[in-house]
Each structure stands twice: as C-alpha cells, then as structure tokens.
Amino acid sequence: MVSETPVPASLLAPGNRVRHPGCPAWGVGQVQSVDGNRVTINFENAGKQLIKTNIVQLILIND
675 MVSETPVPAS
685 LLAPGNRVRH
695 PGCPAWGVGQ
705 VQSVDGNRVT
715 INFENAGKQL
725 IKTNIVQLIL
735 IND
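What follows is the structure, encoded as structure tokens:
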C-alpha cells in the first residue's frame, strides 16, 4: 500500500520520493539534496527543481 503524507523539510533526506501538491503533472520526484528549507528534487516529468519548503509542503511517498 502506498501512503502520501505532507512533511516538513526537516524530515526529508536524499533518496526520498515526493510529490509537489501544486504540480501533479511533474510526477514523482526523488530528493537529491536538502539545505535548510531548500530541497533539490529530480522529478519524472519536470527534471531538477529547487523547492522552498517554507512556501510548499512536499508530499512524502511511503511505499
């Protein structure tokens, strides 16, 4: 079973799989790095993106 939970950046780590709640077309992304509230993610359909988690709360995919 797959669960999806919004999480703060402090709980994210490289390798985690996430979704951007405002951009579902980007698909699933893999966290590349976390630097404070800045998270670099490589998304299936949008490539590498820098997300500021003080603006967007990413959704962690647990499978």
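For my numbering, count along the sequence shown from 1 and bump the result up by 674. For every residue, glycine included, the Cβ atom is placed at its ideal position computed from N, Cα and C.
Where Asn690 falls, given that 16 or more other Cβ within 10 Å makes a residue buried: Here Asn690 is buried, its C-beta having at least 16 other C-beta atoms within 10 Å.
Chain-order list of residues whose beta-carbon lies under 8 Å from that of Asn719 (same chain, five-residue window excluded): If we look at Asn719 and ignore the five residues flanking it on each side, its Cβ neighbours are Ala699, Trp700 and Gly701.
Buried or exposed by the 16-neighbour rule on C-beta atoms within 10 Å, applied to Arg712: With fewer than 16 other Cβ atoms within 10 Å, it is exposed.
Where the beta strand (DSSP E) through Ile715 begins and ends: Unbroken beta strand (DSSP E) run through Ile715: Arg712 to Phe717.
Neighbour-count burial assignment, Gly721, 16 or more Cβ in a 10 Å radius: By the neighbour-count rule (16 or more Cβ atoms within 10 Å), Gly721 is not buried but exposed.
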